[in-house]
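In what follows, a single structure is set out as structure tokens and then discussed.
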Amino acid sequence: MMKNNRLRWISLITVIVLAMSCLSGCIGPLGLVGCASLFEDGTYEIESDAPASVATYSNEKYVYNTLDETHKKVYDELYQGIVDMDDSIYVSTEDDQVLTTVTEAIAADHGDLFYIDGNYSYTNYGLITSWGFEVTPSYTMSKAERDSTQARIEEVANSWLAEVPPDANDYQKSKWVYETLINRVDYNGDAPNNQNIISVFLNGQTVCQGYSCAATYLFDKLGIQCFTVPGATQDGLHAWNCVKLDGQYYFMDITWGNSEYGGSSNSKEISYAMLNITTEDILKTHTLDAPFVVPDCVAIDDNYYYQEGLYFDTFLKEKMGMILHNGYVTDTDVSIKCANQETYDQMKDYFLTKGHFQDYCVGLPRISYVEYPDERIILYKFT
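This note's numbering numbers the first residue of the sequence shown as 837 and each following residue consecutively.
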């Protein structure tokens, strides 16, 4: 759960612009309001004060590509201004709902905007013609400080990424991101800068927003499309990720994969129940709350359990039993996921209720286990 309330990416602060009299020449913020020239015949030439077109840097981003052309234009204008750390950013919309959607879209697509706190103020601009909003972001540091901090973050991130095998496939990269962030970053609701990646790469303590931004940042460096998903769980506002692996979308919740979240373990452990899962599975415990379209995740090919041979759509006692045996002899916890309730119930009844785990774990008088009924997973503990 995010500490307190998740920062919304816009504060709707309406500023009333007082009418001004144009005696001559150009009047307006930074000279961007109109310019009128009087000719001898009494006519005027009015120059446009509309915002200039800007390039896009987000063609590969998921959320950007869900937007219509109006939203994309505002997205490009606002994102360029944020990267340049402009104090005033002129965008071509007067619709505060468009601005709200765009700010959340930028936050979802770009995990590296650690130098803004998510609050914006805005007002209309344009005297002769109102062209849109003048947006004022709330930066948390100077540009020099941003550049210095960014260099430190990149140094740490690149040292981590050096561990990824050059021939790693999409699944292996996703598992690496999941495990690395859990193993190297503690969940701490009181962590400073926990809404951005400073908390992850420089402080080693964060919450869900920090984890999700860091995952987006790392996947971007790995050449894999990923974005932050805003929503909620029974504990309150929450954030997780959606990642595109081998052409298919999957959900990933790193926070819930860390046993430190919720105090479920005295020592840090990794649960793989939230690594590359479907919409059906995530909606059992999570609620989406995004102003943009989120893909329907239906593939299982890059799900952890499917990839690791731990996914069963029918009850196969010998194969399941050998998984328990291998965990026992190697002193390694193992978990098995079932595709349906019938298979889950049969596994639980045979190995646990009737005690047949002993057929495969000879000499083991009892077994510890953790059930995840929503995901139809049982974790068998041997450590």
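Heads up, the beta-carbon is just placed ideally off N, CA and C, and yes, glycines get one too.
State buried or exposed for Met1158, treating a residue as buried only when at least 16 other CB atoms are found within 10 Å of its CB. It counts as exposed.
So which of Ile942, Gly947, Asp932 and Thr972 has the shortest CA-CA distance to Asn955? Ranked by how close their Cα comes to the Cα of Asn955, the residues Ile942, Gly947, Asp932 and Thr972 have Thr972 in first place.
Residues bridged to Asn960 by DSSP? Under DSSP, Asn960 forms a beta bridge with Phe969.
Per DSSP, which residues does Ile952 bridge with? Please list them. Ile952 has Tyr975 as its beta-bridge partners, per DSSP.
Local conformation of Phe1055 per DSSP, three classes: Note: Phe1055 maps to helix in three-state DSSP.
Using the three-state DSSP reduction, which class does Tyr1196 fall into: helix, strand or coil? The three-state reading of DSSP puts Tyr1196 in coil, since its state is none of H, G, I, E or B.
Val1036 in three-state terms, based on DSSP: In the three-state reduction of the DSSP assignment, Val1036 falls in the helix class, which pools H, G and I.
If we require 3 or more residues per run, which beta strand (DSSP E) segments fall completely within the segment 1108-1132? Those beta strand (DSSP E) runs which fall completely within the segment 1108-1132 and span 3+ residues are 1111-1113.
Reducing DSSP to helix, strand and coil, say where Ser857 ends up. Since pLDDT at Ser857 reaches only 29, below the 50 mark, its modelled position is unreliable, and no value is offered.
Exposed or buried, what is Pro1002 when buried is set at 16 or more other beta-carbons lying within 10 Å of its beta-carbon? With fewer than 16 Cβ atoms within 10 Å of its Cβ, Pro1002 is classed as exposed.
For His1106, three-class secondary structure by DSSP: The sequence shown places Ile at residue 1106, rather than the His named in the question. If DSSP states are grouped into helix, strand and coil, Ile1106 belongs with the strands.
Measure the CB-CB distance between Tyr1097 and Tyr1216 and report whether it falls below 7 angstroms. Not in contact: Tyr1097 and Tyr1216 (Cβ atoms no closer than 7 angstroms).
Please report the residue range of the alpha helix (DSSP H) in which Lys897 lies. For Lys897, there is no enclosing alpha helix (DSSP H), as DSSP marks it with neither H nor E.
Would you call the segment 1111-1126 and the segment 1053-1070 touching, i.e. three or more CB-CB distances under 8 angstroms? The segment 1111-1126 makes contact with the segment 1053-1070, as at least three CB pairs between them are under 8 angstroms.
Candidates Val899, Asp1056 and Phe1148: closest to Asp1006 by CA position: That would be Asp1056, whose Cα lies nearest to the Cα of Asp1006.
Helix, strand or coil for Val1134 per DSSP? Note: Val1134 maps to coil in three-state DSSP.
Outcome for Ala943 when other beta-carbon atoms lying within 10 angstroms are tallied against a minimum of 16: Residue burial is scored here from C-beta neighbours: Ala943 has at least 16 other C-beta atoms within 10 angstroms and is therefore classed as buried.
Would you mind working out which of Leu1038, Gln1194, Leu1152 and Val1165 sits nearest Tyr1180, comparing C-alpha positions? Comparing C-alpha distances from Tyr1180 to each of Leu1038, Gln1194, Leu1152 and Val1165 shows the shortest one belongs to Leu1152.
How close, in whole Å, do the beta carbons of Thr892 and Asp912 come, if the pair is a contact with beta carbons under 8 angstroms? Yes, they are in contact, since the Cβ atoms of Thr892 and Asp912 sit about 5 angstroms apart, within 8 angstroms.
Does the distance from the C-beta atom of Asp1117 to that of Glu1211 stay below 7 angstroms? With respect to the 7 angstroms criterion, Asp1117 and Glu1211 are classified as neighbours on the basis of their beta carbons.
Who are the near neighbours of Leu1054 in its chain, counting only those whose CB is closer than 6 angstroms to its CB and skipping five residues on each side? Excluding five sequence positions before and after Leu1054, the CB atoms of its chain that fall closer than 6 angstroms to its own CB belong to Val1013, given in chain order.
What residue does the alpha helix (DSSP H) around Thr929 start on, and which one ends it? Thr929 -> no alpha helix (DSSP H), and no H or E assigned at all.
Label Thr929 either buried or exposed according to how many other C-beta atoms from any shown protein chain fall within 10 Å of its C-beta, with 16 as the threshold for buried. Label assigned to Thr929: buried.
Run the CB neighbour count on Gly1093, radius 10 Å, all protein chains shown included, and call it buried at 16 or more, exposed below. Looking at its Cβ environment, which holds 16 or more other Cβ atoms inside 10 Å, Gly1093 is buried.
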